[in-house]
Amino acid sequence: MSYKSSSEPTRTASGNPVVRPISADEHLAFVRAQRSVSFLQTPAWGRVKTEWRSESLGWFVGRRLVGAGLVLHRPVPRLDRFTLAYLPEGPVIDWTGEIGAWLDPLAAYLKEHGAFAIRLGPPVVTDTWSADQVKEGIADPGIRRLTDLPRQWGDPVGASLSSRLKDAGWLPQNPQDGFGVGHPQFKYEVPLTGKTEDELLRGMNQQWRRNIKKAAKEGVEVTVRAGGPEDLKAFHDLYVHTAERDRFTPRPLGYFETMFAALSAEDPERIKLYLAHHQGDLAAATVLVRVGAHAVYAYGASATAKREVRGSNACQWAMIRDALAAGCDVYDLRGITPTLDADDPHVGLVQFKVGTGGRAVRYAGEWDLPLRPMIYRGFDLYMRRRGR
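According to my numbering, the residues represented by the sequence shown are 4 to 391, in order.
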């Protein structure tokens, strides 16, 4: 079977590609043929999300695979035969053309197989803002949100996608703070294409450069590991400590064991653990996931007692350098809230990520298509009651 980029779809005489299940091997071959794909759209991710049932679907024109998606099925409480079909940061299709040709056969297939609704997150950028714009926005008391700023750049495909989805009956699921039931609409990214290490360092703010130098001066050593049992346990202990300090709910150790096992089995370079030690103590740890030309900072942890040696900055710089050396287009620091209000507790995370240089990015966000409206309304009410 031959594969081609999903940005260059082929059409049949009748127009629409056909959707049908594909094997994990077919799906992985398609992923490897793309420049970059979200790790949430790899076959391995279905093995990580053990509480969901997963399947790989392909869009075919004749015998040619022209698009692919990982679908996670979540059953409805007390109605187990119906599922929410979720495609996080996917599917991998041509979003520039007529979306009905791609999404209509997906909806028909999933409804026939018991889905009461589809939720997807098009991997399409709508707007970007530079680091300087974000910093100026935080300093300006009249600016409350990223969207109050003039955008640095807007994608015409992204700009039209929202209206095209609404016209087709899709419902936006993007909350005010940018974090919802699924994955964040606003992210922070460092473009790497055409850059050198020196240029990336110069693009960082003075505090970041100072912290990277301080970590080196203090003798912080960053090692890259495959995620063996001892290393994962050390990371998880530090991660739980971080969760207690920063007041979020940590994932169990078993989740990370499954994640490393599944992603590493798919590609030995897919996921790596970065450990920053200072005088024998673990000062910080981070997880890097890479699919093609897209590198993602997925998780981080740091020791409160070792904060002054700047292990977190050392880990970040090591991951950025490795992403650059691997030929990546972008280093993705994942989600931010769009707040620029200096009094908002979330603004500290924005300021930390802005220090890398880079840019704030808004994606098209997540969208729902109800296939069985009465069940969808019941599910939506259930999720609202439990606070999603």
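By construction, the Cβ of each residue, glycine as well, lies at the ideal position given by its N, Cα and C atoms.
- Burial of TYR302 is indicated by the presence of at least 16 other C-beta atoms within 10 angstroms of its C-beta.
- TRP370 carries a strand assignment under DSSP once its states are collapsed to helix, strand and coil.
- Annotated as proximal: CYS331 and ALA298, with beta-carbon spacing under 8 angstroms.
- About 7 angstroms separates the CB atoms of PHE119 and THR86; that is less than 8 angstroms, so the two are in contact.
- With contacts defined as CB atoms closer than 8 angstroms, ALA246 and PRO255 fail to qualify as a contacting pair.
- By the Cβ neighbour-count rule, TYR385 is exposed, with fewer than 16 other Cβ atoms within 10 Å of its own.
- For ARG35, the secondary structure class from DSSP, reduced to helix, strand or coil, is helix.
- Look at THR289 here: in three-state DSSP terms it is strand.
- Counting only runs of at least 3 residues, the stretch 31-89 fully encloses the following beta strand (DSSP E) elements, listed from N- to C-terminal order: 56-64 and 67-79.
- Taking all protein chains shown into account, MET322 has 16 or more neighbouring C-beta atoms within 10 Å of its C-beta and is therefore buried.
- By the neighbour-count criterion, in which a residue is buried when 16 or more other Cβ atoms sit within 10 angstroms of its Cβ, GLU233 is exposed.
- Cβ-Cβ separation between LEU327 and LYS190: approximately 19 angstroms, too far for a contact (criterion under 8 angstroms).
- In the structure shown, the three-state DSSP call for TRP320 is helix.
- It is roughly 12 angstroms from the alpha-carbon of PHE259 to the alpha-carbon of VAL292.
- If you ignore the 5 residues before and after ILE215, its C-beta comes within less than 6 angstroms of the C-beta of ASN316 and TRP320, all in its own chain and listed in chain order.
- Below 8 angstroms, too few C-beta pairs join the stretch 341-352 and the stretch 108-115 to call them touching: fewer than three.
- Judged by DSSP secondary structure, LYS138 falls within the alpha helix (DSSP H) whose first and last residues are 134-142.
- Here LEU235 has LEU256, PHE259, GLU260, PHE263 and LEU276 as same chain residues with Cβ atoms under 8 angstroms from its own Cβ, once five neighbours each way along the sequence are excluded.
- Counting C-beta pairs with one atom in each stretch, the stretch 46-56 and the stretch 74-90 have three or more that are closer than 8 angstroms, which means they touch.
- Partner residues in a beta bridge of PRO125, as assigned by DSSP, do not exist.
- According to the DSSP secondary-structure assignment, TRP156 is paired through a beta bridge with THR131.
- Around LYS217, the same chain offers ARG313 as residues with beta carbons nearer than 6 angstroms, after the five sequence neighbours per side are excluded.
- Around the beta-carbon of PHE251, fewer than 16 other beta-carbon atoms lie within 10 Å, marking it exposed.
- In this structure the stretch 129-140 lies against the stretch 155-168, because at least three pairs of beta carbons, one per stretch, are closer than 8 angstroms.
- Counting along the chain, the unbroken beta strand (DSSP E) around GLU192 starts and ends at 189-194.
- Under the three-state reduction of DSSP output, PRO175 falls in the strand class.
- In this structure, GLY351 sits away from MET207, with a CB-CB distance that is not shorter than 8 angstroms.
- A distance of 8 angstroms or more separates the beta carbons of PRO24 and PRO108.
- Look at LEU256 here: in three-state DSSP terms it is helix.
- TYR89 is a Cβ neighbour of ARG122, given a cutoff of 8 angstroms.
- Counting along the chain, ASP249 sits inside the alpha helix (DSSP H) bounded by residues 232-249.
- In terms of CA proximity to THR196, TYR334 leads the group ARG167, GLY172, ILE102 and TYR334.
- Here the C-alpha atom of GLN176 lies approximately 28 angstroms from the C-alpha atom of LEU266.
- The Cβ-Cβ distance between LEU152 and GLY161 does not fall below 8 angstroms.
- Secondary structure at LYS198: coil, using DSSP grouped into helix, strand and coil.
- Beta-bridge partners of ARG365 (DSSP): ASP130 and PHE189.
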